[in-house]
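Protein chains in written order, with this note's numbering: chain A, 59 to 512; chain B, 59 to 512. Here's the structure we're looking at; comments come further down.
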């Protein structure tokens, strides 16, 4: 059974501390979100899994963490100052603002205002006359230094990859890298979107996980194909259902100015349908050529063996940390018939979050059968044996069934119950979220048991 | 021997890929820095160690990750819109700008311009007349939405803690928390400092590791003392030398508007002397009271057992991730007489970075004695056994002595050498960075050996 809307995810996210509307007590800040106690663990796990697969387990990729504020010439060179904009029109009558391209696509126009020719476009709300189209740059502008003048004008980066290009020479020199190699980075980016929305799917502040692979131009097509499969495999390995993923190649006429080829990995978001989750892009030599031109630095690569000197091509993999987190949540979400034996209402379903064990916010919950001592104390002792290595949670409130249910709902793979027998036999019961099987495990062996499972 | 300047750290950081000047190919962006391939690992390890000690290993603290962009009323309530500013004066003659408070403290004033009375202050450079003092707000301002008007004016957060206060109710409700409890967060903050400097010590973009502990007012003094010791212990446990740390209590007249008591943990930065590394603050009920006033929400806490209702006090611990990273680097930096047997020049010293094993960017380096097969292949196989769990590096270039030296310089605790005997006896040599002892370890046992050491 698949969801037909994001609503149950939004509700679970708020109720169980995954994701909150930002600045909620002040009525919220449009399209900004805060990750709660469980959400930050989940998102951190997504980022760690990406880093492990992209950096730690590879010889050919190194990491980087460049600053959000960058020299403004970066955005001249990249084309963002000139080209990164949306076309806007205002209604002269009601002052409402519209995306001109949306109006021309007849989106959100009431039938009576729908034009037959583009010159007839009127305000979809009141039918008023519209202003000429103005370009609106999507970068957030701010000022560094005490005076608000052009000299101090800087931008919040709209993408993390430029920080990698600017450090191309630094990485080669400090890490003694030879082509092909990649540089990976996780970090925030900002876009002043006119129409953000759909929960954390499109937000003005978001986090990217980007990797730039520097190669000889003639390798580009082959490398593009390899990354396309690699990035898809990563999502599958972390449990995303095959049927929820698909590729979409960009047509020639929708390619960005820098792209030679582009592909989206799309995820079927509940209620939204297949939407971009990640991308793989052949950016050609656009980026390094432009930064070479604007900085005057030589950004060519000289092959020490062949003597050939050339501007590397770049194949980029771009994943949204927030979109990935949302996809993992949605994909893992399952409503089942009550199985805990604890009904909170008639016909009520229970939620099980079948998150991959690497992603689950809490790896093991520790539940004393009763609040009475010495059970509490023993439970804390057992928990202490594993908590340096694993994120754990202690819960003593309510029946065991209710507590299992609580942990299922947040995706905890293992529940460890300490009962009165444990005092005697020094064993605990470990319950598996998915199989619901219960194993009796010696306290002394628990760490090894969990190491093998997790 | 301790350093008397940051220069050797800055040089090592650039040469070995720890920290680069941001936007360097464009001449750099003032006081912004990028973490290179080793720097990002080091800083991530610092953040993970903090998170483990503050969140994972505690029952009373949960994590959070709130957005950088927040509702602007946040900064009215917090006092930042009115009070978070520096006093500036301009020279009417040479147009240079100065911090008025620095001029009055006679800092950076040439003797001939040094005034005897504050009314006599002239431009320290040219002696010109100065303008009246103007307040300059330290928050970076930007605009959300398409129009640059007051309605869309927002700020980059100058501190992360406000995101925690705004989520006080969300955390209590979703996590069923009772006082006392804490909320921890790691994230970027931005301050448009007039005089940043000293490498990554004072930057305009920086990362904080903050924790807010919510308590009954009568507990404040006791809790303050506990956190003071806790935070110091964390640095000592991660290897900072005791002599490089000290406490500094703030005098009554230097307390911020929200603070009832404040204490710095200072580190002796080379060339700078003892400077703030971390802080512990008793913020009283200032924050929750203000947000209650401005939001109209009830932010009081009701004790279910006693029935008492009150505005919690907050004891904050505030650590700079960049300052901590710099402190760990500086504290670990040691120059020793040549010990690798590989001199690169006459009387040259070698650098050993004695980083705590939890912080070292690379946990183990894998070095084939020769580039010849089948040594390369075997080395890769041995490395594969541990690289899912540990950050590793492969190096086959230069003599073994040179490679040891390279790893010492970046703080790698263990070097694993694969030699021709390894092909026969299936054992490798593990060399310890600090003791320089070498152990012969069975390949099959290597993972367990490193697990115990690391």
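The beta carbon of each residue, even a glycine, is placed where N, CA and C say it ideally should be.
Short Cβ contact (8 Å threshold) for residue i with residue j
i: residue 418/A; j: residue 471/A; result: yes
i: residue 327/A; j: residue 388/A; result: yes
i: residue 248/A; j: residue 282/A; result: no
i: residue 416/B; j: residue 102/B; result: no
i: residue 316/B; j: residue 295/B; result: no
i: residue 508/B; j: residue 436/B; result: no
i: residue 114/B; j: residue 485/A; result: no
i: residue 130/A; j: residue 212/A; result: yes
i: residue 336/B; j: residue 289/B; result: yes
i: residue 30/A; j: residue 462/A; result: Since the first residue shown for chain A is 59 and the last is 512, residue 30/A is missing from the structure and cannot be characterised.
i: residue 96/A; j: residue 74/A; result: yes
i: residue 229/B; j: residue 331/A; result: no
i: residue 118/A; j: residue 238/A; result: yes
CB contact below 8 Å: residue i versus chain B
i: residue 95/A; result: yes
i: residue 316/A; result: no
i: residue 120/A; result: yes
i: residue 405/A; result: Residue confidence for residue 405/A is low, a pLDDT of 49 falling below 50, so the modelled location carries little weight; the figure read from the coordinates is stated next. By this cut-off, residue 405/A is not an interface position.
i: residue 326/A; result: no
i: residue 90/A; result: yes
i: residue 112/A; result: no
i: residue 413/A; result: no
i: residue 129/A; result: yes
i: residue 250/A; result: yes
Short CB-CB distance (under 8 Å) between residue i and chain A
i: residue 69/B; result: no
i: residue 225/B; result: yes
i: residue 230/B; result: no
i: residue 103/B; result: no
i: residue 287/B; result: no
i: residue 161/B; result: no
i: residue 215/B; result: no
i: residue 99/B; result: yes
Burial state of residue i (16 or more Cβ within 10 Å)
i: residue 339/A; result: buried
i: residue 379/B; result: buried
i: residue 405/A; result: Low local confidence applies: a pLDDT of 49 at residue 405/A is under 50, so the model's placement there is unreliable, with the coordinate-based value given in what follows. Classification of residue 405/A: exposed, given that the 10 Å Cβ count is below 16.
i: residue 494/B; result: exposed
i: residue 149/B; result: buried
i: residue 356/B; result: exposed
i: residue 152/A; result: exposed
i: residue 193/A; result: exposed
i: residue 279/A; result: exposed
i: residue 479/B; result: exposed
i: residue 394/B; result: exposed
i: residue 189/A; result: exposed
i: residue 184/B; result: exposed
i: residue 442/A; result: exposed
i: residue 79/B; result: buried
i: residue 500/A; result: exposed
i: residue 350/B; result: buried
Bridge partner(s) assigned by DSSP for residue i
i: residue 212/A; result: 200/A
i: residue 68/A; result: DSSP, once it has assigned bridges, lists no residue as partnering residue 68/A.
i: residue 244/B; result: 267/B
i: residue 562/A; result: No statement about residue 562/A is possible, as the shown extent of chain A runs from 59 to 512 and does not include it.
i: residue 156/B; result: 147/B
i: residue 338/B; result: 321/B and 375/B
i: residue 507/B; result: Beta-bridge pairing links residue 507/B to no other residue.
i: residue 120/A; result: 241/A
i: residue 178/B; result: Looking at the DSSP assignment, residue 178/B forms no beta bridge with any residue, so it has no partner.
i: residue 487/A; result: 475/A and 498/A
i: residue 368/A; result: 359/A
Residue i Cβ short of 7 Å to the ligand SAM heavy atom set
i: residue 161/B; result: Annotation note on the ligand SAM: not contained in the displayed structure, which lists no ligands.
Sufficient close CB pairs (3 or more, under 8 Å) joining the stretch 238-249 of chain A to the stretch 100-114 of chain A:
The stretch 238-249 of chain A, when compared against the stretch 100-114 of chain A, does touch it at the 8 Å Cβ threshold.
Should the stretch 110-126 of chain B be called in touch with the stretch 214-224 of chain B, which here means at least 3 C-beta pairs below 8 Å?
The answer is yes - the stretch 214-224 of chain B touches the stretch 110-126 of chain B, with three or more Cβ pairs under 8 Å.
Could you check whether the stretch 365-381 of chain B touches the stretch 266-285 of chain B, counting it as contact only if at least three pairs of C-beta atoms, one from each stretch, sit closer than 8 Å?
Segment contact: the stretch 365-381 of chain B against the stretch 266-285 of chain B, three or more CB-CB distances shorter than 8 Å; contact assigned.
Measuring CB atoms only, is the stretch 248-260 of chain B touching the stretch 81-91 of chain B, in the sense that at least three cross pairs come out at less than 8 Å?
They touch, by the three-pair rule.
Does the count of Cβ pairs from the stretch 491-506 of chain A and the stretch 464-483 of chain A closer than 8 Å reach three?
Enough Cβ pairs lie closer than 8 Å, so yes.
Three CB pairs or more closer than 8 Å across the stretch 134-148 of chain B and the stretch 455-464 of chain B
With contact defined as three or more Cβ pairs closer than 8 Å, the stretch 134-148 of chain B and the stretch 455-464 of chain B are not in contact.
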